[in-house]
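Chemist: Chains as they are written, first to last, in my numbering: chain A, 1185 to 1573; chain B, 20 to 324. Attaching a single structure in structure tokens format; questions to follow.
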């Protein structure tokens, strides 16, 4: 009698369980930089990711969500180790995050080989959008050359005749300045690549830029280096003499330390905090309430990454075993992006608008405001090199 | 030509700044035979102190003075609490112990000031450029750095060469045991020297603060250069540190500004542009290797006459 009862109970439990019985939770690994000088970027990304989970009720497809955060310490080899750990011992279903191009390029292989989805929330390594693209790689950001191309087009339209380029000597720096040069129609009077990430004094490069007498300077220095560059640019007396254009060097994390040095500097991004769409208003307002700070573009992209994962897990009702259907669900990008309309191109990189921003001072606060729409519905330029297997 | 003069000024300024760091390092290394990796942490503390005190007092100069006093005190406390346990031990123990201090200070700063870093503005009376020669505008703040660091170098020269303490310091660098045997209070001397080194590092940190940002780990990259200077100049020699710091400052700055063009002309556009950034950042290490081949003890070895 007792055993039949037990058996009946067991059968009931089995019957009650949904199709996704084998899946107890959704596991996501998140790799970013949480220590050292740029820890503030990693923390901002984590905050936004957590906020997105809050907005989804901390559940995806009816399953609880578990996130394992790992610190890449800004080093490619550490990022690779942490990624291997995430797919091999934590057995995560998704890996998200990544600020740095060189780190993600060292780390993507173990993730993709383990047939785990990689959702890049910032790093814009072009090879992952082109020849090394994969059905398992998605991006909620851009490739390194896209934003500089938007800036170059804007400068072409404004009739800026000559420019001097300064950037860091690593993968993203070369792709960024390379992208700029590919679209810029004026004369490039010189370009300097500085040791990354150790060189923080740009006096020699700034003196050269000044001597070259360009109509404008274009630079790319993410994180704290952007603060140093802008301060030194102002101290060298160049701020009022030569207009400065940039990408990814001014954000809500660095702006409180850049202050007046950043006012008037023009850059290009796919998102700014002042976008009026509902998803963005909710994101910005709740982010400010929860963390008492302004979200950066890193945060916006991480929020979208979480929402993208959530949309796919919901679509397959938590059944993550069938990778092909998960991939299809991710490709649909059925979520409300904070940048407005969002859709993926054939290489899983967004087709999106780029906007110009400039920094304005209102009272005692400094904010980035949308200045103009630079380009609409830009497909990722590396899609043609991508042959997905 | 104006570009060359401006780059020379940049090199001079950078070299003098490195001297402040290297002077403290070489004193501690030469006299106490202590490898202090945590020197960069004192540099970082100087910057954080200056940012905080300048915000409290509203005056850059007052903030700077308080910051120097602050790092002096921190340096002496660290010497009494931690460094005394390390004297006479193996260099590996020094490296381990002082590396631990780096982690300690990084975490301490994170707890006290948060992970975001601070900023210190250039004082308004220095936030402009000065015309030093026809056609050459140079930032007033960087000129002020040159003046202040030269004054500090002169002060150190007088202190080491003309005073009783300086005599003991020089004697300590040549033969530590003998100084102790002659009845000098070597413990107090060590505490003073370590404090002096810390104050110099703090001064370097606060001077750099308005140019760079004040952030955790800011001392680690520049510390490598300071060690290179110590080795080139001869361990324990202030004069050696001064000459080597200027050499490194000039070579690094001029290398970064003119070496790429030179390479492009020699190797052609493509190869030159690829090799230049890597090679120009290697120049100072090539210099170090060359000096060590010719003079293994450095340019001005402290022990010899």
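Just so it is clear, CB atoms sit at the ideal spot from N, CA and C, and this is done for glycine as well. All values reported here derive from a predicted model rather than from experimental measurement.
Please list the segments of the beta strand (DSSP E) lying wholly inside the region 1340-1404 of chain A, counting only runs of 3 or more residues, in order along the chain.
Modeler: Correct list: 1346-1352, 1371-1378, 1400-1403.
Chemist: Measure the alpha-carbon distance for residue 77 (chain B) versus residue 136 (chain B) and round it to whole angstroms.
Modeler: For residue 77 (chain B) and residue 136 (chain B), the distance between alpha carbons rounds to 19 Å.
Chemist: With a threshold of 8 Å between beta carbons, is residue 1385 (chain A) in contact with chain B?
Modeler: At least one chain B Cβ lies under 8 Å of residue 1385 (chain A).
Chemist: Does residue 115 (chain B) have its Cβ less than 8 Å from a Cβ in chain A?
Modeler: False, the Cβ-Cβ gap to chain A never drops below 8 Å.
Chemist: Using a Cβ-Cβ distance cut-off of 8 Å, determine whether residue 382 (chain B) contacts chain A.
Modeler: Nothing in the structure corresponds to residue 382 (chain B), since chain B is present only between 20 and 324.
Chemist: Going by the beta-carbon positions, is the gap between residue 1431 (chain A) and residue 1539 (chain A) smaller than 8 Å?
Modeler: In this structure, residue 1539 (chain A) does not lie closer than 8 Å to residue 1431 (chain A) by Cβ.
Chemist: What does the Cβ neighbour count give for residue 1261 (chain A), buried or exposed, with the cut at 16 atoms within 10 Å?
Modeler: It is exposed - the Cβ of residue 1261 (chain A) has fewer than 16 other Cβ atoms within 10 Å.
Chemist: Compare the C-beta of residue 1223 (chain A) with all C-beta atoms of chain B and state if any pair is closer than 8 Å.
Modeler: So, interface residue.
Chemist: Where does residue 218 (chain B) land, buried or exposed, given buried means 16+ other C-beta within 10 angstroms?
Modeler: That one is buried.
Chemist: My guess is that residue 157 (chain B) and residue 149 (chain B) are in contact by the Cβ rule of under 8 Å, so how many angstroms apart are they, rounded?
Modeler: About 6 Å; that satisfies the 8 Å criterion.
Chemist: Cβ of residue 1329 (chain A) within 8 Å of Cβ of residue 1362 (chain A)?
Modeler: A contact, by the Cβ cut-off of 8 Å.
Chemist: Using CA atoms only, rank isn't needed, just tell me which of B:279, B:240, B:318, B:306 is closest to residue 37 (chain B).
Modeler: Selected option, being the one with the closest Cα: B:240.
Chemist: Checking contacts by CB at 8 Å: is residue 153 (chain B) closer than that to chain A?
Modeler: Not an interface residue.
Chemist: Comparing the C-beta of residue 1411 (chain A) with each C-beta of chain B, is any distance below 8 Å?
Modeler: For residue 1411 (chain A), the answer is yes, since a Cβ of chain B falls inside 8 Å of its Cβ.
Chemist: Sort A:1241, A:1347, A:1419, A:1476 by Cα distance to residue 1495 (chain A) and report the nearest one.
Modeler: When each option's Cα is compared against that of residue 1495 (chain A), the closest is A:1241.
Chemist: Between the region 1464-1481 of chain A and the region 1507-1514 of chain A, do three or more beta carbon pairs fall short of 8 Å?
Modeler: Judged by Cβ distances under 8 Å, the region 1464-1481 of chain A makes no contact with the region 1507-1514 of chain A, as fewer than three pairs qualify.
Chemist: With a 10 Å radius around its C-beta and 16 neighbouring C-beta atoms as the bar for buried, classify residue 1297 (chain A) as buried or exposed.
Modeler: Label assigned to residue 1297 (chain A): exposed.
Chemist: Taking Cβ positions, are residue 170 (chain B) and residue 69 (chain B) nearer each other than 8 Å?
Modeler: No, Cβ-Cβ distance for residue 170 (chain B) and residue 69 (chain B) is not below 8 Å.
Chemist: Ordered along the chain, which non-local residues of its own chain (more than five positions away) have a Cβ less than 7 Å from that of residue 260 (chain B)?
Modeler: Once the five neighbours on either side are set aside, the close Cβ partners of residue 260 (chain B) are 38, 41, 42, 45, 248, 249, 252.
Chemist: Smallest Cα separation from residue 140 (chain B): which of B:183, B:124, B:176, B:83?
Modeler: That would be B:83, whose Cα lies nearest to the Cα of residue 140 (chain B).
Chemist: Please list, in chain order, all residues of the same chain as residue 1345 (chain A) whose beta carbon is under 7 Å from its beta carbon, the five residues on each side excluded.
Modeler: For residue 1345 (chain A), where only same-chain residues beyond five positions count, the Cβ hits under 7 Å are 1370, 1371, 1399.
Chemist: Taking buried to mean at least 16 other C-beta atoms within 10 Å of its own C-beta, is residue 174 (chain B) buried or exposed?
Modeler: By the neighbour-count rule (16 or more Cβ atoms within 10 Å), residue 174 (chain B) is not buried but exposed.
Chemist: Could you tell me which of B:216, B:298, B:265, B:312 sits nearest to residue 96 (chain B), measuring between CA atoms?
Modeler: Ranking the options by Cα distance to residue 96 (chain B), first place goes to B:216.
Chemist: Can you look up residue 1309 (chain A) in the DSSP assignment and give me helix, strand or coil?
Modeler: Here residue 1309 (chain A) sits in coil by DSSP.
Chemist: Take residue 32 (chain B) and list the residues in its own chain whose beta-carbon comes closer than 7 Å to its own, dropping the five residues that flank it on each side.
Modeler: Correct list, in chain order: 161, 164, 165.
Chemist: Can you name the start and end residues of the beta strand (DSSP E) that residue 1281 (chain A) belongs to?
Modeler: Residue 1281 (chain A) -> beta strand (DSSP E) spans 1278-1281.
Chemist: What is the residue span of the beta strand (DSSP E) that residue 1548 (chain A) lies within?
Modeler: First-last for residue 1548 (chain A): undefined, no H or E at that position.
Chemist: Are residue 1483 (chain A) and residue 1471 (chain A) close, meaning C-beta to C-beta below 8 Å?
Modeler: Yes. Within cutoff.
Chemist: Taking contact to mean 3 or more Cβ pairs, one atom from each stretch, closer than 8 Å, check whether the region 220-236 of chain B and the region 281-294 of chain B are in contact.
Modeler: With a cut-off of 8 Å, the region 281-294 of chain B and the region 220-236 of chain B do not count as touching, because too few Cβ pairs lie within range.
Chemist: On the three-state DSSP scale, how would you describe residue 1527 (chain A)?
Modeler: DSSP places residue 1527 (chain A) in strand when its eight states are reduced to three.
Chemist: Counting only the same chain and skipping the five closest in sequence on each side, list residues whose C-beta sits under 6 Å from that of residue 1442 (chain A).
Modeler: Only 1411, 1414 meet the Cβ criterion.
Chemist: What does a CB cutoff of less than 7 Å around residue 270 (chain B) pick up in its chain, not counting 5 residues either side in sequence?
Modeler: Result list for residue 270 (chain B): 302, 303, 306, in chain order.
Chemist: Just the chain B side, please: which residues come within less than 8 Å of residue 1269 (chain A) by C-beta, in chain order?
Modeler: Those do not exist, as residue 1269 (chain A) stays about 22 Å from chain B at its closest Cβ, beyond 8 Å.
Chemist: Can you list, in chain order, the stretches of the alpha helix (DSSP H) that have 4 or more residues and sit fully within the region 77-141 of chain B?
Modeler: Those alpha helix (DSSP H) runs which fall completely within the region 77-141 of chain B and span 4+ residues are 79-100, 110-132.
Chemist: Closer than 7 Å by beta-carbon distance: list the chain C residues that pair up with residue 60 (chain B), in chain order.
Modeler: Going by chain labels, chain C is absent from the structure shown, which instead holds the protein chains A and B.
Chemist: Please say whether residue 1267 (chain A) and residue 1248 (chain A) have beta carbons closer to each other than 8 Å?
Modeler: Contact flag unset, no.
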